[in-house]
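Data block below; observations after.
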Amino acid sequence: MTFLKSTLVLFIIVLVACNPQAVMRERQGKAEVDSVLFYKKHDLSDPFIDAILSTPSDHAELHKTLVPPPAPVPRYKQIDGFRVQIFAGFDSLKANSLQYRLNQEMQDSVYIKHEEELYKVQIGDFHYRPQADKLKRSLKNNQFPGAWTVQTIIQVPITAQDTTALSNNTSPTDTVSDEFFKIQVFATDDEAKALTMLQDLRSKFGLPVYYSKADILYKIFIGKFKTRLETEKKLKSVQKAGYTDAWIVSPDR
Amino acid sequence: PREMPSNNPKYFDALKAQAICARTYALKKMAGRKDKSFHVYGDHRDQVYGGLSAHNAMCNRAVEQTHGDVLKYEEQLATVFYHSSDGGISENAAHLWPAANVAYLKSQKDIIGQTFACSHAPNYRWQKMFTLQHLDSLFYLHTAKSMLKKPVTDTTRIHFSADVLRRSTSGRVADLKLTYSDTTIVLNDYAIRRFFMDRNGRSLPSTLFQLSARGDSTLVIQGGGFGHGAGMCQWGALKMSEMGFKYYDILVNHYFPGTYLEKVY
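Structure below.
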């Protein structure tokens, strides 16, 4: 009996030694501080933390005043003038490719105007018809036999004089003494020819006919019109009378 | 392994503390996601694992030496959280997660000896500045309203204000009211961090901050810490380990007071 008891006790000792979790769950209670360090907490003050804890509310405010940007200074003005047209058609691709090609080859500006379904390729910004005609002749001899001169709105750089006029809150037209639209019929460097033309026109049209001299050119004009519409109507009758190259001169020219 | 640097032998006890936290967290999540096809995310949504390539000898040794060890509280797996840096004061976890209203996750100043535990952390103190233009972009991102993106046709005075309405017990901003001209929004907790995104798309490091204005056009946010601030501060644990504290000091005696360690497998 004693032997049996001893065997049982020995068996339990061996069992526990080999696998302690078979008889008990290993539990590590709250660990003792066995660190090599001795440490003790002290309440520390920190300006940042203390400020946050002492003032729960916080406020920050920003302001900005937005001012509209000044209007861009215009670099060009639009006035009546002349261009040479080399193409008018429905094919926008052809118009674009022509514009691209001519932009590489020419110094004058090349424009595409889209008017009444037509794409028009026009070249240059000329104040006077003879200037445009000169380019037209050159183009006719080089690839564009169908080139022709058209009267249209052109784009010219704004001069210092224009800028001064703008800064004085006056329109460019205010700086021009002649404030009427007129029809230019002819320009020549021959004074006798100009005087003959003057008399001829006076007899044909019941309107004031006069000339002005610019450099060596005598420019002959008909009429003084207040509106472009009125001038355009008269231009048609002048052109019908055989002066097909006549064109309108705006007051700001 | 990606949760904590494992390149310095002095950090070994911090790694062991991290391993126990990660194990406790994972086991608790596994119990809660029994019916799901997976248990934990391998990224910031749960724990940043990093895959096998992130393993290294020191990290593996920390896992092996704490084999089966977990943190428990009142016979249950403890609720553990951890973050990069608490900025000197930890957050009351119940403020962020009402279910985590436990005694060992209350707000406390994170002090070791005569210093703040994570005072060496890179984000212990930080400052972020937001110009009015940047704030306009942030408002546009969140409310689709902008004052600066439309052309200015009339002289207009625009106004931005930020008001802290409420802070948690740790001083972290709980509710923040932002007013931008005629728009007002109120942001809470993590939404505050998400709103103040910098130009690289990074959120605000934490909600432990103060507001001020520099001039009329710059909002200055001065803050502390990185992360939610609840539970174990990883930079603090690294510092403690470096100083010679053991992993159970870090966990049981410092960051989760009242819990105990137990081997469950």
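Protein chains in written order, with the working numbering: chain R, 1 to 253; chain A, 254 to 518. Beta carbons: idealized from backbone N, C-alpha and C, even for Gly.
- Message: So, at 7 Å on beta carbons, what are the nonlocal neighbours of Lys-213/R in its own chain, with the 5 sequence-adjacent residues on each side left out?
- Response: For the purposes of this step, residue 213/R is taken as residue 213 along the first sequence, with counting starting at 1. Taken in chain order, the list of residues that qualify is empty.
- In terms of residues, what are the limits of the beta strand (DSSP E) holding Glu-191/R? What you label residue 191/R is simply residue 191 of the first sequence in a count that begins at 1. Looking at the DSSP string, Glu-191/R is not in any beta strand (DSSP E); the run it does join, the alpha helix (DSSP H), is 191-204.
- Query: Going along chain R, which residues have a C-beta under 7 Å from Asp-407/A?
  - Reply: Here residue 407/A is taken as the residue at index 154 of the second sequence, counted from 1. Those within 7 Å of Asp-407/A in chain R are Pro-68.
- Query: With a cut-off of 8 Å, does the C-beta of Pro-47/R fall near any C-beta of chain A?
  - Reply: Your numbering for residue 47/R matches position 47 in the first sequence. Cβ-Cβ to chain A under 8 Å: no for Pro-47/R.
- Query: From Gln-318/A, Asp-502/A, Arg-467/A and Asp-428/A, pick the residue whose C-alpha is nearest to that of Phe-383/A; which is it?
  - Reply: In the second sequence, residue 383/A corresponds to position 130, counting from 1. Closest by alpha carbon: Arg-467/A.
- Give me the Cβ distance between Ala-444/A and Ser-343/A, rounded to the nearest whole Å; I'm assuming they're in contact under 8 Å. If you number the second sequence from 1, residue 444/A lands on position 191. If you number the second sequence from 1, residue 343/A lands on position 90. Going by Cβ atoms, the distance from Ala-444/A to Ser-343/A rounds to 21 Å, so no, they are not a contact pair.
- Item | Beta-carbon contacts of Pro-157/R that lie in its chain and below 7 Å, excluding the five residues immediately before and after | Sequence index remark: in the first sequence, residue 157/R carries index 157 (1-based). Only Arg-75 and Tyr-76 meet the Cβ criterion.
- Do Ala-66/R and Ile-411/A have their CB atoms nearer than 8 Å? Reading the first sequence from its first residue, position 66 is the one you call residue 66/R. Reading the second sequence from its first residue, position 158 is the one you call residue 411/A. Looking at the sequence itself, residue 66/R is Leu, so the reference to Ala does not match. Yes, the Cβ-Cβ distance between Leu-66/R and Ile-411/A is below 8 Å.
- Query: Name the chain R residues that come within less than 7 Å of Ser-338/A, Cβ to Cβ?
  - Reply: The residue you call residue 338/A lines up with position 85 of the second sequence. The premise fails here: Ser-338/A is roughly 13 Å from chain R at the closest Cβ pair, so nothing lies under 7 Å.
- Item | Top-ranked residue by Cα proximity to Lys-182/R, from Gly-223/R, Gln-143/R and Asp-190/R | Translated into positions along the first sequence, residue 182/R becomes position 182. That would be Gly-223/R, whose Cα lies nearest to the Cα of Lys-182/R.
- Message: Taking beta-carbon pairs under 7 Å, can you tell me which members of the stretch 310-344 of chain A lie near chain R?
- Response: Gly-341 and Ile-342
- For Ile-445/A, return the contacting residues in chain R, with the cut-off set at a CB-CB distance below 9 Å. The sequence position of residue 445/A within the second sequence is 192, counting from 1. Within 9 Å Cβ-Cβ: nothing; Ile-445/A doesn't reach chain R, min ~12 Å.
- Task: Give, in chain order, every residue of the stretch 378-391 of chain A whose Cβ lies closer than 7 Å to some Cβ of chain R.
- Result: The stretch 378-391 of chain A vs chain R, Cβ under 7 Å: Arg-378 and Leu-385.
- Message: So, with DSSP's three-state summary, where would you put Met-106/R?
- Response: Taking the first residue of the first sequence as 1, we reach residue 106/R at position 106. In this structure, Met-106/R counts as coil in the three-state DSSP scheme.
- Message: Any beta carbon from chain A within less than 8 Å of Ala-71/R's own beta carbon?
- Response: What you label residue 71/R is simply residue 71 of the first sequence in a count that begins at 1. For Ala-71/R, the answer is no, since every Cβ of chain A falls outside 8 Å of its Cβ.
- Query: Can you give the Cα-Cα distance for Cys-371/A and Ala-415/A, rounded to whole angstroms?
  - Reply: Counting from one through the second sequence, the residue named residue 371/A turns up at place 118. Counting from one through the second sequence, the residue named residue 415/A turns up at place 162. Going from the Cα of Cys-371/A to the Cα of Ala-415/A covers about 29 Å.
- Task: Keeping to the same chain, check which residues put their C-beta closer than 8 Å to that of Ala-310/A; ignore five residues upstream and five downstream.
- Result: Against the second sequence, residue 310/A aligns to sequence position 57. Cβ within range, chain order: n/a, list empty.
- Taking only the alpha-carbon atoms, compute the straight-line gap between Leu-198/R and Asp-125/R and give it to the nearest angstrom. Locating residue 198/R in the first sequence gives position 198, where the first residue counts as 1. Locating residue 125/R in the first sequence gives position 125, where the first residue counts as 1. Distance between the alpha carbons of Leu-198/R and Asp-125/R: 28 Å.
- Item | Unbroken beta strand (DSSP E) run spanning Glu-61/R, endpoints | In the first sequence, residue 61/R corresponds to position 61, counting from 1. Per DSSP, Glu-61/R belongs to the beta strand (DSSP E) from 58-66.
- Item | Identity of the residue in Gly-340/A, His-320/A and Ala-347/A nearest Val-333/A by Cα | Here residue 333/A refers to the residue found at position 80 when the second sequence is read from its first residue. Ranking Gly-340/A, His-320/A and Ala-347/A by Cα distance to Val-333/A puts Ala-347/A first.
- Query: Does the beta-carbon of Pro-262/A have 16 or more other beta-carbons within 10 angstroms, so that it is buried, or is it exposed?
  - Reply: Position 9 of the second sequence, counted from the start, is the residue given in the question as residue 262/A. Pro-262/A is exposed by the Cβ-count criterion.
- Task: Within 10 angstroms of the Cβ of Asp-407/A, are there 16 or more other Cβ atoms? Answer buried if so, exposed if not.
- Result: By one-based count along the second sequence, residue 407/A stands at place 154. Looking at its Cβ environment, which holds fewer than 16 other Cβ atoms inside 10 Å, Asp-407/A is exposed.
- Item | Complete runs of the beta strand (DSSP E) confined to the stretch 107-163 of chain R [at least 3 residues] | If you keep only unbroken beta strand (DSSP E) runs of at least 3 residues inside the stretch 107-163 of chain R, you get 110-115, 118-126 and 148-157.
- Item | Residue nearest to Ala-427/A in terms of C-alpha spacing, selected from Leu-418/A, Tyr-433/A and Asp-435/A | Your numbering for residue 427/A matches position 174 in the second sequence. If we check each option's Cα against that of Ala-427/A, Leu-418/A comes out closest.
- Burial state of Pro-458/A, where buried means 16 or more other Cβ atoms lie within 10 Å: For the purposes of this step, residue 458/A is taken as the residue at position 205 of the second sequence. It counts as buried.
- Task: Return the chain-ordered list of same chain residues with a C-beta closer than 7 Å to the C-beta of Asp-255/R, the five sequence neighbours on each side being excluded.
- Result: Nothing can be reported for residue 255/R, as the shown portion of chain R is limited to 1 through 253.
- Item | Rounded C-alpha distance that separates Ile-12/R from Lys-5/R | Numbered from 1 along the first sequence, position 12 holds the residue referred to as residue 12/R. Numbered from 1 along the first sequence, position 5 holds the residue referred to as residue 5/R. Cα to Cα, Ile-12/R sits roughly 11 Å from Lys-5/R.
- Task: Report the partner residues of Trp-379/A according to the DSSP bridge assignment.
- Result: As a working mapping, residue 379/A is identified with position 126 in the second sequence. The partner list for Trp-379/A (beta bridge, DSSP) reads Gly-476/A.
- Query: If we ignore side chains and look at the alpha-carbon of each, how far apart do Glu-256/A and Gln-487/A end up?
  - Reply: Within the second sequence, numbered from 1, the residue matching residue 256/A stands at position 3. Within the second sequence, numbered from 1, the residue matching residue 487/A stands at position 234. Roughly 8 Å between the two C-alpha positions.
- Message: Using a Cβ-Cβ distance cut-off of 8 Å, determine whether His-412/A contacts chain R.
- Response: Here residue 412/A is taken as the residue at index 159 of the second sequence, counted from 1. Chain R contact via Cβ: present.
- Does Ile-273/A get closer than 8 Å to chain R when you measure Cβ to Cβ? The residue you call residue 273/A lines up with position 20 of the second sequence. Answer no: the Cβ-Cβ gap between Ile-273/A and chain R never drops below 8 Å.
- Sort out for me which residues DSSP pairs Val-316/A with in a bridge. To locate residue 316/A, count along the second sequence from 1; it is residue 63. Answer is none; Val-316/A lacks a bridge partner.
- Message: Taking only three categories from DSSP, how would you classify Leu-330/A?
- Response: Counted from its first residue, the second sequence places residue 330/A at position 77. Leu-330/A falls in the strand class under three-state DSSP.
- Message: 8 Å is my cut-off, CB to CB: does Asp-451/A come that close to chain R?
- Response: In the second sequence, residue 451/A corresponds to position 198, counting from 1. Cβ-Cβ to chain R under 8 Å: no for Asp-451/A.
- Message: So with CB distances below 9 Å, who are the chain R contacts of Leu-464/A?
- Response: Looking up residue 464/A in the second sequence gives position 211. Those are Asp-58, His-59 and Ala-60, listed as they occur along chain R.
- Are the stretch 321-328 of chain A and the stretch 273-290 of chain A touching by the rule of at least three beta carbon pairs closer than 8 Å? yes
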